[in-house]
Amino acid sequence: MEGNGVAAAAESGAESRAESRAERGAPPVPLAAPCGLSSSLCFSAAEQQQPAGVDADADRVVQSQWDINSVATEVEEAADSAGVGAKAEAGAATPGPQRLPAEEPDLVIEVSGRRIRAHKVVLAAKSDYFRARASRDILRVKGVSYAALRLLIDYVYTARMGEVHHDNLAEVVSGARVLQMPCALHCAAEAMRAQLRLDNCYQLLCLAKKQRLAELREAAYRFMSDRYLEVLREPGVYGRLSGAERDLILQRRLEAGRRCLLVAEVSDAFERPGGSSRPQSRESSRPQSPSSVASLEEGGALVHCYQEANREWRVLTRLPEEANAKGCAMCVLHNYLFLAGGITAGLAGGEPRARLSDKVFCYNPLTDTWSQVRPLAQPRSQLKLLALDGYLYAVGGECLFTVERYDPRADRWSPVAPLPKGAFAVAHEATTCNGEIYVSGGSLFYRLLKYDPKRDEWQECPYNSSRRRSADMVAFKNFIYRFDVSSGRGGEQGPGGGTGGGVEVFRYNTVAKRWSQCASLRPSGGPVQPFRCAALGNTIYCVNRTGTLRFSLAQDGEVEADGGLKGTFDGELLKAPLDAKGVLLPFVLTLPEKSDKAGDQEGPLPL
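Taking the UniProt record's numbering, the leading residue of the sequence shown gets 1, the next gets one more, and so forth.
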């Protein structure tokens, strides 16, 4: 009886103290250590002892119930909420944009013998898994590591994915799927996308395919496509891709945006300060002083892009300072712009002296960056640079007959069959058609040579009847279109039988091996100035600093006697880039949409 009286007195004293605290308005003493902030998460280490206040028999009953239900649900109520957090270690998480409740965390998550406290309403907003179990105060989670669960819960509170990297991505993705958090999958993929590099892109691609992360897989393919040449030279990446994947990343690169007409400001080695050109002969083939193109070099050579929507030109990029705009050659391979050779200024005995260059530069429009690749085996100027079957060909040059081929995968130049002796001092025009290279020029403008890369040999093609100077030569399907310009001086007969300067277009059927005249242009004003050509769609653009002519091939497929499409000159002359300098060399690149949208801005883009 005396013991009962002590117990009753203790209970009475406890009730009195509780009533006293209630009268003062003080909150009751919590059974577990509270978090420092209402929006905090609490974590505790594994506990070996049963929390105080929990009856051992009741715990055995609950544990048995957990063993039964965990087979189906993987999560079960483990204990009464009165015993939660007896030894919890408070750890505050950074409050995020998620709207948080004012009360203390009302959910305990047990994983791998450790505990995390959180708010039911916050987790339920992002996870169907927690929403379906909102009535429970304690959850035991299987199939998710403690580290992954912490990252995922931190994401729910902060809307930011923490330290996710390729080593723990599989754990985080697996946990997000168990907890039914699709938004976390997206965020994890975005976090890994920012970490893509050349040395890990293949590993992340494999991980994305294994974990069925479509967004990360597409990001890896896009990364490889945007940096195709770098991937091509990396055996650990390109060598492990399947044939279909290799084709895929190249195709995506070629279709990464809109095909656009561009022009680069370069300088012909024969260009005079007044802008006219010397006759193409051996006597005149000696390089001029660099002062003849000082205006171009001082201002820096630019690359302009034509905006079809508003018919305006904008600056896309600037040639590297180390590149030589005078006497260089350009072409496009795998949607990269390559620039090779040229003439650079130097000093010899205190006097200016021109020096040939062997440097080769590459512009990537998808990353807007310039880089330098393996230099030519032989310095060249006034060469022709062509792309054929994944290789670059540097043909001839000033008093050179040698030809070399660049393999971008091996990053190596190697010699191939040279031009026939006595053929060309300088190759004026060159193009590729049906897997072969065609070169025309030299002292005899009407000659045409063909290079067969399979046989590694040059062959003579039928002569053209025209004896006029050729402005340029461009291929379209099975035909080569050659544009001849007549100056109209000295009684020279122009197009249509007149003596005024004009343009005649000849077409060569590479299958039938036959020439034919297909069009002519006789402008009402002065003679047509020499121009350079590039084909885009069904239109061949003839560009110089006075404007741009358009030679359109029949859209309806109207075929002439030789099997070629009928072509006509557009009467409207498109304007040239404002304040353009030097010779305008046109080419076609596929530009990403962001670059195209940027062109809607007024004025040139900042460089």
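Built from N, CA and C at the ideal position, the CB exists for glycine as well.
Ranked by how close their Cα comes to the Cα of residue 156, the residues 466, 588, 183, 201 have 183 in first place. Restricting attention to beta strand (DSSP E) runs no shorter than 3 residues, the UniProt domain "BTB" (105-161) encloses them at 107-111, 114-118, 138-140, ordered along the chain.
In this structure, the CA atom of residue 237 is about 8 Å from the CA atom of residue 198. Annotation for residue 472: the continuous beta strand (DSSP E) segment containing it runs 469-476. Beta-bridge partners assigned by DSSP to residue 446: none are found. CA-to-CA, the gap between residue 118 and residue 177 works out to about 19 Å. Going by beta carbons, residue 110 and residue 139 fall inside the 8 Å limit. In the three-state reduction of the DSSP assignment, residue 566 falls in the coil class, being assigned neither a helical nor a strand state. Residue 108 and residue 130 have their C-alpha atoms roughly 12 Å apart. When the Cα atoms are used, residue 481 and residue 400 turn out to be separated by approximately 26 Å. Around the beta carbon of residue 317, 16 or more other beta carbons lie within 10 angstroms, which makes this residue buried. Rounded to whole angstroms, residue 104 and residue 120 show a C-alpha spacing of 11 Å. In the three-state scheme derived from DSSP, where H, G and I count as helix and E and B as strand, residue 399 is classed as coil. With contact defined as three or more Cβ pairs closer than 8 Å, the segment 161-181 and the segment 211-221 are in contact. Separation of residue 245 and residue 195 (C-alpha to C-alpha, rounded to the nearest whole angstrom) is 21 Å.
When 560, 538, 473, 513 are compared, the shortest CA-CA separation from residue 530 is found for 473.
When the alpha-carbon of residue 167 is set against those of 192, 159, 160, the nearest one is in 192. Going by beta carbons, residue 262 and residue 331 fall outside the 8 Å limit. Along the segment 356-436, the beta strand (DSSP E) occurs as fully enclosed runs of 3 or more residues at 360-364, 369-373, 384-388, 391-397, 400-407, 412-416, 429-433, listed in sequence order. Under the three-state reduction of DSSP output, residue 169 falls in the helix class.
CA-to-CA, the gap between residue 541 and residue 552 works out to about 9 Å. Leaving aside the five residues that flank residue 518 on each side, the residues in its chain whose CB is nearer than 6 Å to its CB run, in chain order, 505, 507, 567. Following the DSSP letters along the chain, one finds residue 235 inside the alpha helix (DSSP H) bounded by residues 235-238. In the three-state reduction of the DSSP assignment, residue 178 falls in the helix class. Only buried fits residue 440, as 16 or more other CB atoms lie within 10 angstroms of its CB. If you ignore the 5 residues before and after residue 303, its C-beta comes within less than 8 Å of the C-beta of 262, 263, 264, 265, 315, 316, 317, 318, 319, 337, 363, all in its own chain and listed in chain order. 8 Å or more divides the Cβ of residue 574 from the Cβ of residue 545.
According to the DSSP assignment, residue 201 belongs to the alpha helix (DSSP H) that extends over 201-210. Residue 462 is a Cβ neighbour of residue 513, given a cutoff of 8 Å.
For the pair residue 562 and residue 515, the Cα-to-Cα distance works out to about 9 Å. The three-state reading of DSSP puts residue 452 in strand, counting E and B together. In this chain, residue 230 is not harboured by any beta strand (DSSP E); it is covered by the alpha helix (DSSP H) spanning 228-232.
Sixteen is the threshold: when 16 or more other Cβ atoms of the shown chains lie within 10 Å of the Cβ of residue 431, as they do, the residue is buried. Annotation: residue 414 to residue 249 spans about 27 Å, alpha carbon to alpha carbon.
Contact between residue 450 and residue 438 is confirmed by a C-beta separation of about 5 Å, below the 8 Å threshold.
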